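Per our numbering, the sequence shown starts with residue -5, numbered consecutively.
Just so you know, even glycine gets a beta-carbon here, dropped at the ideal spot from N, CA and C.
Keep in mind that this is a model prediction, so the values were computed, not measured.
The structure under discussion appears below in the form of structure tokens.
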Amino acid sequence: MRIISQLAAVLASVLRLMKLNRHEEALEEIQTSSKQLLGMDLRLLTTLSDVEFVRLLSLGERFDVEKCVAIAELLRILGDVRDNQGKEEEGSAARLTALSLFLELSHQEAGTLPKEYYETVENIISMLTPAGLPARLNRKLLTYYESLGKYDKAEDALFRAVEEDAAFVEAGIKFYERLRRKSDEELERGNLPRNEIESSVLDLSRRRRKA
-5 MRIISQLAAV LASVLRLMKL NRHEEALEEI QTSSKQLLGM DLRLLTTLSD
45 VEFVRLLSLG ERFDVEKCVA IAELLRILGD VRDNQGKEEE GSAARLTALS
95 LFLELSHQEA GTLPKEYYET VENIISMLTP AGLPARLNRK LLTYYESLGK
145 YDKAEDALFR AVEEDAAFVE AGIKFYERLR RKSDEELERG NLPRNEIESS
195 VLDLSRRRRK A
């Protein structure tokens, strides 16, 4: 895990520079680290979409977990630097891609991630505006929260996706079909009782007929 061990030192250095308001030096640290650790220019980090990154990381026989963590972390802290510079739009853009990569990591490495990973994901989510999340990212959040048994949050992500793109109605109906097979106790723990599930299924069924 050479990249991960070096990444920790990079993040600590960037945080120190941010506290001193030396933002250009912090950006230079991210740029240098991006080239050394990943062979990528900072501009490439900020211009590739999350879909393109996933495709890049999936080349070969396996998904490159180590590089996924490094890219996501560099984008996350880049978002913090941009925010401190008053460039909130650029900060949000970097954070969106970082979040998507962290969620992809959850999908690829389900059940093996440390507690700190989930704290990082929730921290990024809290810094983004839910209404501003693209439909494909809400679709990833649906899968993420469902895997954690947080069915109420999964449902919130689902309906945000559906509001933006009606094509996600079918994914929503399949989601509720999976939940119908859960026990009442499981659903209660996930804060989504059975009667609410049935109400949501009716809602999505109406949307499907109108489409």
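**Message:** What ranges does the alpha helix (DSSP H) occupy inside the region 1 to 60, keeping only unbroken runs of at least 4 residues that lie completely in it?
**Reply:** 17 to 27, 36 to 41 and 44 to 51
**Item:** E67 - DSSP class collapsed to helix/strand/coil
**Value:** On the sequence shown, residue 67 is found 73 positions in, with the first residue counted as 1. In the structure shown, E67 sits in a helix (DSSP, three-state: H, G or I).
**Message:** Can you tell me whether D159 is helix, strand or coil according to DSSP?
**Reply:** As a position in the sequence shown, residue 159 is number 165, starting the count at 1. Note: D159 maps to coil in three-state DSSP.
**Asked** Mapping DSSP to helix, strand and coil, what is G166?
**Response** Position 172 of the sequence shown holds residue 166. Looking at G166 - three-state DSSP - the assignment turns out to be helix.
**Prompt:** Would you report the Cα separation of S141 and S194, rounded to the nearest angstrom?
**Reply:** Looking up residue 141 in the sequence shown gives position 147. Looking up residue 194 in the sequence shown gives position 200. Each residue's alpha carbon lies about 19 Å from the other.
**Request:** To the nearest angstrom, report how far apart A155 and L135 are at their CA atoms.
**Result:** The residue labelled residue 155 in the question sits at position 161 within the sequence shown. The residue labelled residue 135 in the question sits at position 141 within the sequence shown. Cα to Cα, the separation comes out at about 10 Å.
**Prompt:** Exposed or buried, which one is Q116 when buried takes at least 16 other CB atoms within 10 Å?
**Reply:** In the sequence shown, counting from the first residue as 1, residue 116 sits at position 122. Just to set this straight, residue 116 is Glu in the shown sequence, not Gln. Classification for E116: exposed.
**Prompt:** Just checking, does the region 40 to 60 make contact with the region 4 to 18 on the three C-beta pairs under 8 Å criterion?
**Reply:** no
**Request:** Go ahead and label V45 buried or exposed: buried means 16 or more other beta carbons lie within 10 angstroms of its beta carbon, across all protein chains shown.
**Result:** Indexing the sequence shown from 1 puts residue 45 at position 51. By the neighbour-count rule (16 or more Cβ atoms within 10 Å), V45 is not buried but exposed.
**Request:** Return the CA-CA distance between R174 and S(-1), expressed in angstroms with no decimal places.
**Result:** Taking the sequence shown and counting its residues from 1, one reaches residue 174 at position 180. Taking the sequence shown and counting its residues from 1, one reaches residue -1 at position 5. R174 and S(-1): Cα-Cα distance of roughly 43 Å.
**Prompt:** How many whole angstroms separate the CB atoms of L131 and L93, which I take to be in contact at a CB cut-off of 8 Å?
**Reply:** For the purposes of this step, residue 131 is taken as the residue at position 137 of the sequence shown. For the purposes of this step, residue 93 is taken as the residue at position 99 of the sequence shown. The pair is a contact, with the Cβ atoms about 7 Å apart (cut-off 8 Å).
**Selection from L95, R10, E18 and E83 that minimises the alpha carbon distance to R49** = The sequence position of residue 49 within the sequence shown is 55, counting from 1. Cα-wise, what sits closest to R49 is L95.
**Prompt:** For the region 121 to 151, which segments carrying the alpha helix (DSSP H) assignment without a break, of at least 4 residues, lie completely within its bounds, in sequence order?
**Reply:** 129 to 141
**Request:** Rounded to whole angstroms, what's the CA-CA distance from S27 to I167? Just pull it up for me.
**Result:** The count along the sequence shown starts at 1 and reaches residue 27 at position 33. The count along the sequence shown starts at 1 and reaches residue 167 at position 173. Answer to the nearest angstrom: the Cα atoms are 44 Å apart.
**Request:** Report the option in F162, V59, A161 and I71 whose CA atom is closest to the CA atom of T106.
**Result:** Taking the first residue of the sequence shown as 1, we reach residue 106 at position 112. Among F162, V59, A161 and I71, the Cα nearest to that of T106 belongs to V59.
**Prompt:** If you scan the region 76 to 125 from start to end, which runs of the alpha helix (DSSP H) of 4 or more residues do you find wholly inside it?
**Reply:** 82 to 102 and 109 to 121
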